[in-house]
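Encoded as C-alpha cells, the structure appears first; notes follow it.
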Amino acid sequence: MTQAVDRVNFILTLSVMLAMAVPLLLFPEASALALQTAYNFLATELGWLYILTAISAFGAVLFIAFGPYGRVRLGDNTPEFSTASWIAMLFAAGIGAGMMYWASIEWAFYVDAPPFGAEPRSPEAYLWASSFGLHHWGLVAWSFYCLPTLAIAYPYYVRGVSKLKYSISAPHFIKGGESSMGARLMDSFFMIALVGGIGSSLGFSTPMIAALISRLTGIPVSFEMELFVVAACVAMFGTSVWLGLKRGIKRLSDFNMVLAFLILVCVLLASDTVFLLKMAINTIGHTLQNTVAMMFWTDPINDTGFIEDWTIFYWAWWLAYGPFIGIFVTRISKGRSLREVVLGMLGMGSMGVWLFYLIIGNHSLGLQLSGELDVLGVMAESDGSQAIIAGLDVLPGATLFIIAFIFLISIFTATTYDSASYVLSASATKSLKPSEDPARWHRVFWACAIAILPIGLMYAGGLKTAQTVVLVVSLPLVLTFWLSGISLFKSLKEDHDAVRDPSAT
Ligand code: NM2
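Counting from 12, one number per residue, gives the positions in the sequence shown under this note's numbering.
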C-alpha cells in the first residue's frame, strides 16, 4: 500500500507535541516562564540571524523570479487549479485567524513604543505603526514561504522525486534518502515547528472568537467556552480535510475569499472611507520607501527591544510555517512557472493581507486618531480582543459585523488547519505520488491532534506564551531553511547551466 504510515516521523512528532502540551497543562506558570526565558535568550543572541535569513530569502526569490530561472516550469504545462483557486488556497493556507487578530490591532502595540526613535503617539509613530504591520506580513515575510516552496516543488516536479516531504529540498546536504538520519531530523524539525506555529494561531484566534461570541450572547468568556470554540473549529477543519483537497479544502478556501472580500468592502464603506483610502495610499508608499530600512534594521544603537519583541517573533512564525506552506503550495502548483509562484505568493499574498491591515487595522487606528474611540484605553483596561470588538461596535450594523467576524475567523482557522493536517499526514506517509492523498483516517487524526497544544497555550497564559513558543520551535528550521535554499540554487545551476553551455552536451 502506497499510503503506509512512516512510523518514526509519526511517533516522534506526536511525542514532542505531547511533551510540549502536557507541561503547559500541568505546570502552566513554570512552563510559561521557561518559554519566556528561552525566547529572550534566543531573540537577543540570535535575532540577527533571523534578520539575515529574511534579507537573503527576499534576495533569492527576487533573483529567481526575474533572473534566468524564472521561466522554469513545475511539471507539464497545464496547471491543475485555476489561478483564482490557486491564489485562494495558498492564501487561505498560509494566512490564518492570527492575521485577523494582528491586522486589527497590531498598530496599537506599536504606537506607544514605536520603532526608529519616533515619539510615542506622534504622527510618525502612527505611520510607522501602520507600515510595520505591512512589513511583517508583506513581501519580505512571504519570502519565508516562497523559498521553501520553490525548494520543494523543484525536485518534486522537475527532478521527479516522488516524496512530498521537506527533506527532499536539500539533496546536496542530505544523502541516503528519506530514512537517513538527516532526512528524519529535517522532517521532524519541520513537523514540530508546524505544530508549534499553528498552535500559536489557534492560541490567538480562540480567545478572540470566544470574546466575539460573548459580545453576541452575553455569556461571559471562560476556559470552557474557549474549549468549545476549539472543538467547533476542529469539527470544521476535520470535516474539510476528511473530504479531501478538492471537495473540502478548495471549497472552504473559495468561500473564505468571498466572505473576506465582502467584509472588507463593508468595513471600508461603513467606516471613514476617505480617511481609509488616503491612509492606505500613504502607508503603502511609506512601507515601500522604507522596506530596505525595515528589512535591515537590527537596532544596535538604541537597542529598544522592538526588533526582539516583534520582527524576530514574526520571522520565526513565518519560518515555522514555511516548509508546511512549501509542501502545500507544491501540491497545488503543478504546471506553474517559478516566476508565477514567486509573484503569486509575494504579490498576491502580500496584497491580500495588506487589504486587512489597511482597512480593518486603519479603521481602528483612525478611531483613536479622531478621538471617536480610545482604542488604546480599551486595550490597557482589558485586552486586544475587546479593543477589536469596540472598534466593530462603532460601525452601523455592528452585530452583523460581529457575526461575520466569527464566521470569517473560524473559517480562516479551519482553512489553515485543514491544510496543516493534510501536510502533516503527507509527511508521516511513506510515499506519495503527485495527485495522491494521504489516508483519510490519517488526515483526520492530525486534525484532532493539533488542537492539543493550543489548549495548553491558552491555559498557560494566552497571547504571550503563544508568541514565545513560536521562536523556540522554529530555531532548527533556520538551519534547514538555508540548506534547502542553497540546494535549490545548486540544482538549478546543475540542470540549466548544462543546457545553456553547449560544451556540456
Ligand atoms: N504567519 C503568516 O494565523 C495565521 O495567520 C497563520 C501567520 C506565519 C505570520 C500565519
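For each residue, glycine too, the CB sits at the ideal point set by N, CA and C.
Review point. Alpha helix (DSSP H) containing Glu237: first to last residue?
Key: Here the alpha helix (DSSP H) through Glu237 covers 234 to 254.
Practice item. Taking only heavy atoms of the ligand NM2 into account, decide whether any of them is closer than 7 Å to the Cβ of Ile274. Key: The ligand NM2 never approaches Ile274 closely enough for any of its heavy atoms to be under 7 Å from the residue's Cβ.
Review point. Are at least three pairs of beta-carbons, each pair with one atom in the segment 208 to 219 and one in the segment 106 to 123, less than 8 Å apart?
Key: As far as the Cβ criterion goes, the segment 208 to 219 touches the segment 106 to 123, which means the pair count is three or higher.
Check your understanding: Where does Val16 fall in DSSP's three states?
Key -> Strand, per DSSP.
Review point. Cβ atoms of Leu85 and Arg347: under 8 Å apart, would you say?
Key: For the 8 Å CB-CB criterion, Arg347 and Leu85 form a contact.
Exercise for review: Compare the Cα-Cα distances from Gly337 to each of Tyr156, Tyr80, Met359 and report the closest residue.
Suggested key: In terms of Cα proximity to Gly337, the closest of Tyr156, Tyr80, Met359 is Tyr156.
Review point. Under 8 Å between the Cβ atoms of Ala458 and Ser438?
Key: No, Cβ-Cβ distance for Ala458 and Ser438 is not below 8 Å.
Check your understanding: So, using beta-carbon positions, are Leu35 and Tyr428 closer together than 8 Å?
Key -> In this structure, Tyr428 does not lie closer than 8 Å to Leu35 by Cβ.
Exercise for review: Check the C-beta distance from Ile116 over to Ile399 and give it rounded, since I have them as a contact under 8 Å.
Suggested key: Between the beta-carbon of Ile116 and that of Ile399 there is about 6 Å, and that keeps the pair under the 8 Å contact cut.
Check your understanding: In this structure, what does DSSP give as the bridge partners for Arg84?
Key -> In the DSSP assignment, Arg84 forms a beta bridge with Ser348.
Check your understanding: How about Ala54 and Ile312: are their beta carbons less than 8 Å apart?
Key -> With contacts defined by Cβ atoms closer than 8 Å, Ala54 and Ile312 do not form a contacting pair.
Point to revise | Three-state secondary structure (DSSP) of Thr315 | key: Three-state result, Thr315: coil.
Point to revise | C-alpha gap between Pro449 and Phe456, whole angstroms | key: If I take the Cα positions, the gap works out to 11 Å.
**Study point:** the ligand NM2 heavy atom lying under 7 Å from the CB of Tyr332
**Key:** Yes - the ligand NM2 has a heavy atom lying nearer than 7 Å to the Cβ of Tyr332.
Point to revise | contact_flag[the segment 271 to 279, the segment 122 to 131] where n(CB pairs < 8 Å) is 3 or more | key: Because the criterion of three Cβ pairs below 8 Å is not met, the segment 271 to 279 and the segment 122 to 131 do not touch.
Practice item. Assign Thr476 to one of three DSSP states: helix, strand, or coil. Key: In this structure, Thr476 counts as helix in the three-state DSSP scheme.
Check your understanding: Heavy atom of the ligand NM2 less than 7 Å from the Cβ of Ile106, yes or no?
Key -> When distances are taken from the beta-carbon of Ile106 to the heavy atoms of the ligand NM2, the shortest one is below 7 Å.
Check your understanding: Taking 7 Å as the cut-off, does the CB of Met390 come closer than this to any heavy atom belonging to the ligand NM2?
Key -> Incorrect: Met390 has no Cβ contact closer than 7 Å to the ligand NM2.
Exercise for review: Give every residue of the same chain whose Cβ lies closer than 6 Å to the Cβ of Val172, excluding the five residues on either side of it in the sequence, and list them in chain order.
Suggested key: Closer than 6 Å at Cβ, skipping near neighbours: Pro166, Ile179.
**Study point:** Any non-hydrogen atom of the ligand NM2 within 7 Å of Tyr165 CB
**Key:** The answer is no for Tyr165.
Point to revise | DSSP state of Thr294 mapped onto helix, strand, coil | key: Helix at Thr294.
Exercise for review: Tell whether a beta-carbon distance below 8 Å holds between Ile468 and Val480.
Suggested key: Here residue 468 is Leu; the residue named in the question, Ile, does not match the sequence. Here Leu468 is near Val480, since their CB atoms are less than 8 Å apart.
Check your understanding: Does the distance from the CB of Asn373 to the CB of Met290 come in under 8 Å?
Key -> Contact flag set, yes.
Review point. Among Leu57, Ala41, Leu37, which one has its Cα closest to the Cα of Pro487?
Key: The candidate whose alpha carbon is nearest that of Pro487 is Leu57.
Review point. Are the Cβ atoms of Thr309 and Trp59 separated by less than 8 Å?
Key: The Cβ atoms of Thr309 and Trp59 lie closer than 8 Å to each other.
Review point. Thinking C-beta only, is Ala181 closer than 8 Å to Leu494?
Key: With contacts defined by Cβ atoms closer than 8 Å, Leu494 and Ala181 form a contacting pair.
Review point. Can you name the residues that DSSP bridges to Thr217?
Key: In the DSSP output, where bridge partners are listed per residue, Thr217 has none listed.
Exercise for review: With Ile98 as the anchor, note down where its alpha helix (DSSP H) starts and where it stops.
Suggested key: Unbroken alpha helix (DSSP H) run through Ile98: 94 to 105.
Point to revise | Straight-line gap, Ile461 to Val19 (C-alpha atoms, nearest Å) | key: Roughly 18 Å separates the two Cα atoms.
Check your understanding: Expressed to the nearest angstrom, what Euclidean distance is found between the alpha-carbon atoms of Ala281 and Leu380?
Key -> Going by the C-alpha atoms only, they are around 17 Å apart.
Practice item. Under the assumption that Leu23 contacts Ser199 (Cβ atoms under 8 Å), give the Cβ distance between them as a whole number of angstroms. Key: Confirmed, about 5 Å.
**Study point:** Trp328 CB to nearest heavy atom of the ligand NM2 below 7 Å
**Key:** Yes; taking the cut-off as 7 Å, the Cβ of Trp328 has a heavy atom of the ligand NM2 nearer than that.
**Study point:** Residue from Thr294, Leu161, Gly207, Glu383 whose Cα sits closest to the Cα of Pro134
**Key:** The shortest C-alpha to C-alpha distance from Pro134 to any of Thr294, Leu161, Gly207, Glu383 is the one to Thr294.
Check your understanding: Does DSSP put Thr24 in a helix, a strand or coil?
Key -> The three-state reading of DSSP puts Thr24 in helix, counting H, G and I together.
**Study point:** Distance cut-off 7 Å: Met192 Cβ against heavy atoms of the ligand NM2
**Key:** No.
Point to revise | Endpoints, alpha helix (DSSP H) assigned at Met390 | key: That run of the alpha helix (DSSP H) goes 386 to 392.
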